[in-house]
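For reference, the structure discussed in these notes is given below.
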Amino acid sequence: MVDQRRRESDEPALSQPSVLAQRAAAGDHDAWEAIYRAVYPRLRAYLARHAGSGVVEDLVSETMLRAVKGIGTFQPTPAGIDPWLFGIARRVVVDHHRVKERNDRRDSLAVGDEAIPAPGADVVAADEQAEIRAAFDRLADSDRELLELRIIAGLSTEEIAIALGKKEGAVRTAQSRALTRLRKIMETS
Amino acid sequence: MSDELIAQLRAAFPVEPCDPPPAGLQALHRAVDAEFTSATPRRRKRWVVPAIALSVTMGAGQLAAATGTPLPKIADTVSEWMAMPLHMTQMHGSLDTTRTVAAGDPPPHGVSASHHHRTHLHVDETTDGAQPVSGDHVAAASPGPTIGSVPAGAAPERSGVSPVPDDPGIPPRPPSPAAAVAGVGPAPAGTSAPTPVPAPTPSPAATSPGTSNDAEGDTEPAPPAAQEQARQGDPARPSSGGDEQGNTDAPARRRPQPGGGGDRQGDASVAPKPPAQEGDQGTTPGADQGDAQG
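Line by line, the protein sequences are chains A and B. Taking my numbering, the leading residue of the first sequence gets 247, the next gets one more, and so forth. Taking my numbering, the leading residue of the second sequence gets 174, the next gets one more, and so forth.
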């Protein structure tokens, strides 16, 4: 009963990103679990898109592990902890691809990238979503990453700026240009 | 227009709500426990670099002490900063220099007379009222027999030299790894380089079983059983131990010690051993072994 009451009293505090981050920085298990549960679907989708579903659980765990270890370096912002977590996820993806490239080079095996399917595969499906996905895959890496943080990770422009370490205005401009390019690709295709 | 495109993209890349797997949650809690509830690793990490630096400095200091080169300035600085000598032997050597003992005093148990004499000569030579470069010290549970063959009142080689026995109350120090690195060690058992130094008679205590001299002349403590065995004069046990790596290329400043530490890989190039003395039976096995392998 007491626990339940305490849990209820904790709910409002845990719903506030800044409070959640502070409590996580203090080593609060409940705060960490709340963060994990809240971010897991988006983090999983983001990482699955970049690294494939086969290793996504490992990468999610790696991201959270790095977050726990590096919470001391987290600078609290009104945006909460999500941008910081996706910034870590980006680095996890980079590291994953680096290791994967090294292994592929060592094994001399051309392993197809599960995360980014060939453009033609989805175009054949001929539905609208497949067409968008195909066009999306033809974007430049920087544009794609920006839009992934916006679409999949669900971050705002300000949060993307935090995650990428850029200024908000630059992110807004880059996002606008990325959408314009995507539209052109869809029109030409 | 942009919002519409973003909506299309969200429809194309749906994020399905799902719960994290229990294994992931458990891993998260373990990580939180490890990070926050156990000894605060972040605080520990702060000391990693200073600890490594200190270890390297101390190692360099010991190496310098073993090889006789002047201590690096950083080692001196750290030593002063810590308000302690680099290792116990130096402190011990410093203490020894404050005492004077009449000639003929027995050397500590387990140290040959020449070694004893040489050790303190060396300490005094290198000590200008400060820390010695290489202060040997010995474990002396009981004083050894009197050095009979040393001329009474024999003057030290240099003025101001006062051979004194070591404080038996100070526990022995294990052989320094720096000595092994430096490759300096006591003269092999049974070997005696030609020297103009009046050769004192090796005492039985100097060759008692279970003692082992490292490169700095330190004495490795023998287990009680071994000491008891030594008192009974067990010839089966090799006598003086010593540098098993057997480097006989000791620096010239190190005078050989008759019947001193045994080198099991004795070099045949070194001078022959001195004639065996009375009560030297403990020396024989080790010396023979060194010669045979040499």
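Backbone N, C-alpha and C define an ideal beta-carbon position, used for all residues, glycine too. The structure displayed is predicted, hence computed values, not measured ones.
query	result
Tell me where the alpha helix (DSSP H) around residue 224/B begins and ends.	221-240
Ends of the alpha helix (DSSP H) at residue 201/B?	195-205
List, in chain order, every chain A residue whose beta-carbon is nearer than 7 Å to that of residue 181/B.	378
Which whole-angstrom value describes the C-beta separation of residue 322/A and residue 268/A, a residue pair presumed to lie in contact below a C-beta threshold of 8 Å?	7 Å
Do we get a CB-CB distance below 8 Å when we pair residue 425/A with the residues of chain B?	yes
What residue range is occupied by the uninterrupted alpha helix (DSSP H) comprising residue 262/A?	Taken as a continuous stretch (DSSP letters only), residue 262/A belongs to no alpha helix (DSSP H), as it is neither H nor E.
What do you reckon, are the CB atoms on residue 287/A and residue 189/B nearer than 8 Å?	yes
Counting only beta-carbon separations shorter than 8 Å, does residue 190/B have a partner in chain A?	yes
Just checking: is the beta-carbon of residue 324/A within a distance shorter than 8 Å of some beta-carbon in chain B?	no
Under a Cβ-count criterion, where at least 16 other Cβ atoms within 10 Å of its own Cβ denotes burial, should residue 340/A be classed as buried or exposed?	exposed
Shortest alpha-carbon distance to residue 303/A belongs to which of 342/A, 402/A and 266/A?	342/A
In chain order, what residues of the stretch 281-308 of chain A put their CB closer than 8 Å to some CB of chain B?	282, 283, 286, 287, 288, 290, 291, 295, 303, 306 and 307
I want to see whether chain B comes within less than 8 Å of residue 371/A, judged by CB atoms only; does it?	A caution first: residue 371/A carries a pLDDT of 48, below 50, which makes its placement in the model unreliable, though a value can still be read off. Not an interface residue.
So is residue 201/B in contact with chain A if we call contact Cβ pairs under 8 Å?	yes
List, in chain order, every chain B residue whose beta-carbon is nearer than 7 Å to that of residue 268/A.	The premise fails here: residue 268/A is roughly 14 Å from chain B at the closest Cβ pair, so nothing lies under 7 Å.
Is it the case that the Cβ atoms of residue 325/A and residue 391/A are separated by a distance below 8 Å?	no
Which residue marks the beginning of the alpha helix (DSSP H) containing residue 287/A, and which one marks its end?	275-297
The alpha helix (DSSP H) spanning residue 417/A covers which residue range?	414-434
Under a CB-based cut-off of 8 Å, is residue 279/A close to chain B?	yes
Answer yes or no: the CB of residue 379/A versus the heavy atoms of the ligand SAH, is any distance below 7 Å?	Among the components of this structure there are no ligands whatsoever, and the ligand SAH is therefore not found.
Residue 334/A and residue 312/A: beta carbons closer than 8 Å?	yes
I'd like to know whether the C-beta of residue 342/A is nearer than 8 Å to at least one C-beta of chain B.	no
Would you mind working out which of 319/A, 282/A and 407/A sits nearest residue 241/A, comparing C-alpha positions?	What the structure shows of chain A is the stretch from 247 to 435, and residue 241/A is not part of that stretch, so it cannot be assessed.
Using 8 Å for Cβ pairs, my map puts residue 179/B next to residue 396/A. What's the rounded Cβ distance?	7 Å
Among the candidates 423/A, 383/A and 272/A, whose CA atom is the shortest distance from the CA of residue 186/B?	383/A
To which residues of the same chain is residue 281/A closer than 7 Å at the C-beta, ignoring the five residues directly before and after it?	266, 270 and 327
Hey, could you find the ends of the alpha helix (DSSP H) residue 378/A is sitting in?	374-383
So is residue 251/B buried or exposed if we call it buried at 16+ other beta carbons inside 10 Å?	buried
Consult DSSP for residue 316/A and reduce its assignment to one of helix, strand or coil.	coil
Can a CB atom of chain A be found closer than 8 Å to the CB of residue 194/B?	yes
Considering only C-alpha positions, which residue in the set 277/A, 307/A and 300/A is nearest to residue 289/A?	307/A
Rounding to the nearest angstrom, what Cα-Cα distance links residue 412/A and residue 425/A in this structure?	18 Å
Judging by CA-CA distance, which residue of 276/A, 349/A, 420/A and 398/A is the nearest neighbour of residue 295/A?	398/A
In angstroms, rounded to a whole number, what distance separates the CA positions of residue 431/A and residue 381/A?	6 Å
Express the C-alpha separation of residue 314/A and residue 274/A in angstroms, rounding to a whole number.	11 Å
At what residues does the alpha helix (DSSP H) containing residue 387/A begin and finish?	387-397
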